[in-house]
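Chains as they are written, first to last, in full-length UniProt numbering: chain A, 1 to 416; chain B, 1 to 444.
Every residue, glycine too, gets a C-beta built ideally from N, C-alpha and C.
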Amino acid sequence: MATEIVMPKLGLTMTEGTVEKLLVNEGDKVEAGDPVIEISSEKLTSEVEAPASGTIIEFTAQEGDVIPYKEVMAYVGEEGEVVDKSTSAPSAEPSPEEEETTENNKPEPKQESKPADQEAGKTDQSERIFITPLARKMAKEQGIDIRDVNGTGGNGRITRLDINRYTPSAKTSAKEVPASAASSEMEYGAGLTGMRKTIAQRMMRSVQTTAQVTNQRKIDVTRLMEFRNEIKEKVDFPLDNGELSVNTLLTKAVVLSLLDMPSMNGWYYDGEYTTFDEVHIGMATAIDDGLVVPVIKDAHNMSLSRLGSSIKEVVSQTRKGTLDGSLYSGSTFTITNLGGADIEYFTPILNTPEVGILGVGAIQKELDLDEQGTVIQKQKLPLSLSFDHQVIDGAPAAEFLQKIAGYLQNPYRILF
Amino acid sequence: MKQFDILIIGSGPGGYVAAEEATRLGHTVGVIERDQIGGCCLNVGCIPSKTYLQYSHWLNSLETANRHGLKVTINEIDFPSIVKRKNDVVSTLQNGISSTFKQKGIQFIEGEATFIKDHTFEVEGEYYSGRQVLLATGGHPFVPDIPGLQDAEYVTTDTFFNVDEIPGQFVTIGGGVIAVELAFAMQKLGSEVTVVEVASDILLTVDKDARAAVKQKMKEIGIEIITNADIKEVTADRVALSSGKDTSYDQLLVATGRRSNLDIPNAMNLSLDSNNHFVKVDEYYETSKKGVYAIGDIIGDYTLAHAASAEGIKAIRAMSGHKEKPIQPNRVPRPVFTSPEVSEFGMSEEAAQKAGYDTIVEQMPFSFNGRAIVSGETEGFIKLVTEKRFKEILGAVVVGENATDLLHEIMTAYEAEGTIDELANTIYAHPTVSELIKDTSNKF
């Protein structure tokens with residue numbers, strides 16, 4: 001029986017593709033894996049390979065045709081074979097039954113004809129996907145293709161947590177990548193599994209799709225630390241919800257600075273630069289098996305104490321694995337803190353599509369001279385701001401750091 | 001001074017399980033214990049109480065058999081033999097831990113640990129230090145301030161198991177899990193038991209339907225329950241209530257909760273929780289002092305042996321650089337070994353609703369189950385808490401014979417992120433009690 005060659009899906013949002021070029025002729029003999037049709041979708045082009053060895057019996061699509069995803073473009077089979085097309089009614093979207101079949105690993109002949117590995121990060125269909133029953137139901141409800149999800153459970157199993165943390169890569173879509181880079185993108189995370197693979201893919205997409213520059217400077221926080229001790233002494237209830245941690249005070253300063261300078265509080269992707277009035281802070285958090293960026297939603301509406309307890313709660317829930325799925329994405333600016341590890345400066349990688357990320361180092365004690373020339377001790381906080389030079393220039397980025405400095409050096413301004 | 005990679009204080013189910021995990025990961029380990037190896041659980045808790053409860057269980061079975069044509073008479077309850085058996089069970093398990101320690105090269109240090117500085121402790125003149133320290137010092141019975149109690153002869157769980165004759169009248173002050181379990185044991189062994197509870201009800205931490213089933217049974221076998229008790233005073237032979245009611249006793253057990261052993265954490269100046277009841281730890285069980293970890297009763301949450309063991313393993317892994325997510329309270333089973341047995345895990349219906357789930361609850365009685373009818377053990381039920389969207393398993397309550405063992409089956413599905421559908425679609429052997437899990441699942 002003849003095998004179909006169908007239009008593959010090159011990206012999450014792709015619904016149809018264009019037949020650019022027929023690479024072989026009807027009647028040609030092909031081996032499984034030989035390129036037979038070149039197709040394109042928006043900025044991506046790709047070669048469709050023969051799913052089986054045999055003879056090209058018929059092309060049902062011609063060069064220049066726009067073909068919906070999954071529709072047949074050609075048949076490969078025995079020479080002289082007549083194709084029975086009645087069994088292969090094309091559908092634009094996979095029906096739930098078909099998805100179920102894929103998941104249950106009972107591939108129908110039709111699916112075998114779908115070129116494997118056309119999409120970045122996809123697991124080969126012949127490979128069994130381990131997924132918990134609950135995660136499967138959640139993925140189905142949210143329309144997530146489980147082949148896109150990297151499992152972090154035992155045996156690489158996809159768990160509820162993986163579905164919760166999953167953010168479609170459409171945001172940092174392949175569309176941004178020039179056609180020539182498409183093939184290399186498929187390699188991202190190769191040989192890695194689980195969370196490591198996700199991190200590898202995101203980091204590579206970030207550096208490949210942005211023009212990252214890092215500005216570094218120290219901010220004098222001597223007054224801030226005095227202010228902090230003063231409040232601690234004068235407030236007669238325990239401040240043990242992180243209200244006055246350096247991280248909270250800094251986050252507050254960042255939020256205020258983002259409100260002052262919305263150009264840093266934006267997303268750039270798909271050729272569109274959007275800035276936001278709301279500030280949702282991504283808080284890079286090391287967890288047992290890697291790194292995630294949970295989100296403090298609506299940080300612009302929070303008092304210092306609420307911000308402190310929110311950060312504490314979100315970070316704690318992230319470490320416990322109990323954080324709500326909606327809080328793993330949607331940040332507008334990210335803060336990453338390596339101060340605990342005594343790092344001073346580093347070059348944080350943008351959490352795309354965001355245009356800025358602030359790296360926080362360990363407070364340094366330095367000697368300085370006061371106005372009378374007396375030696376005094378100062379405390380300085382090293383900051384590293386990475387920004388996307390596609391949309392932000394060096395000077396405005398420096399101005400943003402200056403704004404943060406302004407708040408931290410005049411701590412009473414943070415209170416309002 | 002003897003130096004270890006990991007120094008553990010306390011050899012209860014938290015400490016000894018942690019010690020084994022530590023050697024498995026290649027560490028040198030010392031375990032300090034001021035009392036008996038195995039801690040409260042093995043010596044004055046779970047194990048001795050279950051040994052006594054086994055007798056009440058056998059007696060129940062004999063009564064059931066008697067009702068159904070197998071005429072047996074109990075000639076004598078030989079309590080000294082029962083106590084001896086309890087002691088034998090305890091020493092068998094103690095020896096098990098001791099030989100595991102020897103086999104794995106874990107040094108067992110007997111004596112009271114005194115904090116010296118940093119990670120160094122003194123035990124009977126010797127100094128011991130760990131590159132990292134795990135505190136698993138457990139807890140002790142809390143004795144409330146009741147007029148006359150200090151002068152009365154009472155026992156706590158620490159001393160109850162030394163009692164060598166069956167008291168005629170056995171009174172417990174307290175109606176929590178420990179008190180109620182021992183009430184069941186002693187009533188069946190021949191005591192007349194009264195449970196005196198200050199709160200509005202006994203077993204307040206237990207599911208209300210389960211509580212009702214247990215209370216029903218207590219009444220049936222003749223245990224008197226006094227709730228909302230206002231204890232005026234305790235004398236040498238009675239508990240006087242302000243209601244005018246007096247309850248006389250031959251043996252008085254005070255089982256009114258437990259408190260953490262915080263001497264060492266306090267000496268080390270570790271941060272405590274806001275009520276100063278428990279040691280404060282982070283998600284990886286590290287205390288406010290770097291390299292010092294704490295698990296078990298001293299950190300609160302569920303003060304259960306199996307929770308301490310699970311925490312111990314995670315703490316050791318975190319110390320070894322493999323940080324894991326902390327244990328979630330929802331994943332800890334909560335058994336009460338009464339007859340019928342009660343076991344729960346996860347969320348109650350109310351908690352699930354509060355958490356925003358579109359909750360559904362189904363329940364089926366043991367009396368619908370063929371095997372339960374065969375064995376004559378038809379008391380109890382299975383209750384499953386789930387939600388409409390994914391039919392996620394949110395919690396379960398099992399009341400009845402072997403409830404905790406049945407619960408584990410549901411928990412295994414839960415742990416593997418199975419849903420009610422997986423419970424319903426599993427083929428169960430017939431006739432079994434666990435078929436009732438499938439039947440309850442099929443109701444959704």
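Taking DSSP as the reference, what is the three-state secondary structure of residue i?
i: E93(A); result: Legend: pLDDT at E93(A) = 43, less than 50; position of this residue unreliable, value from coordinates given subsequently. In the structure shown, E93(A) sits in coil (DSSP, three-state: anything other than H, G, I, E or B).
i: G139(B); result: strand
i: V70(A); result: The displayed chain sequence assigns Lys, not Val, to residue 70(A). In the structure shown, K70(A) sits in coil (DSSP, three-state: anything other than H, G, I, E or B).
i: N164(A); result: helix
i: D297(B); result: helix
i: T426(B); result: coil
i: M1(A); result: coil
i: S46(A); result: strand
i: M302(A); result: coil
i: M204(A); result: helix
i: N269(B); result: coil
i: S316(A); result: helix
i: E100(A); result: With a pLDDT of only 40 at E100(A), under 50, the local geometry of the prediction cannot be trusted, and the value read off the model is given with reservation. E100(A): helix per DSSP, three-state reduction.
i: A185(B); result: helix
i: F101(B); result: helix
i: I316(B); result: helix
i: S40(A); result: strand
i: F121(B); result: strand
i: P329(B); result: helix
Counting contacts by CB-CB distance shorter than 8 Å, is residue i in contact with chain A?
i: T419(B); result: yes
i: E283(B); result: yes
i: P326(B); result: yes
i: F390(B); result: yes
i: A416(B); result: yes
i: E422(B); result: yes
i: K104(B); result: no
i: K354(B); result: no
i: K245(B); result: no
i: K323(B); result: yes
Using 10 angstroms around the beta-carbon of residue i, count the other beta-carbons present and answer buried if the total reaches 16, otherwise exposed.
i: E233(A); result: exposed
i: A199(B); result: exposed
i: M1(A); result: exposed
i: S46(A); result: buried
i: K245(B); result: exposed
i: F237(A); result: exposed
i: E63(A); result: exposed
i: A397(A); result: buried
i: K314(B); result: buried
i: P48(B); result: buried
i: S242(B); result: exposed
i: T194(B); result: buried
i: T274(A); result: exposed
i: L369(A); result: exposed
i: A136(B); result: buried
Cβ of residue i less than 8 Å from any chain B Cβ?
i: T159(A); result: yes
i: L134(A); result: yes
i: G359(A); result: no
i: T248(A); result: no
i: S88(A); result: For S88(A), the predicted model reports a pLDDT of 44, less than 50, meaning its position is unreliable; a value from the coordinates is still stated below. Not one chain B Cβ lies under 8 Å of S88(A).
i: residue 427(A); result: Residue 427(A) is absent from the model: chain A starts at 1 and stops at 416.
i: M195(A); result: no
i: K320(A); result: yes
i: K137(A); result: yes
i: S331(A); result: no
Please list the terminal residues of the continuous beta strand (DSSP E) segment that includes residue i.
i: S49(B); result: Note, S49(B): premise wrong, no beta strand (DSSP E); alpha helix (DSSP H) at C46 to R67.
i: Q212(A); result: Q212 to D220
i: P396(A); result: That residue, P396(A), is in no beta strand (DSSP E); its alpha helix (DSSP H) goes G394 to Q409.
i: G356(A); result: G356 to V360
Given that residue i touches chain D, what residues does it touch there, using C-beta distances under 7 Å?
i: D288(A); result: The chain labelled as chain D is not found among the protein chains of the depicted structure, namely A and B.
In the DSSP assignment, find the alpha helix (DSSP H) that holds residue i and state where it starts and stops.
i: T274(A); result: Taken as a continuous stretch (DSSP letters only), T274(A) belongs to no alpha helix (DSSP H), being part of the beta strand (DSSP E) at E272 to T275.
i: S434(B); result: Per DSSP, S434(B) belongs to no alpha helix (DSSP H) and is neither H nor E.
In chain order, what are the residue ranges of uninterrupted beta strand (DSSP E) at least 3 long that sit wholly in the stretch 195-237 of chain B?
224-226 and 231-234
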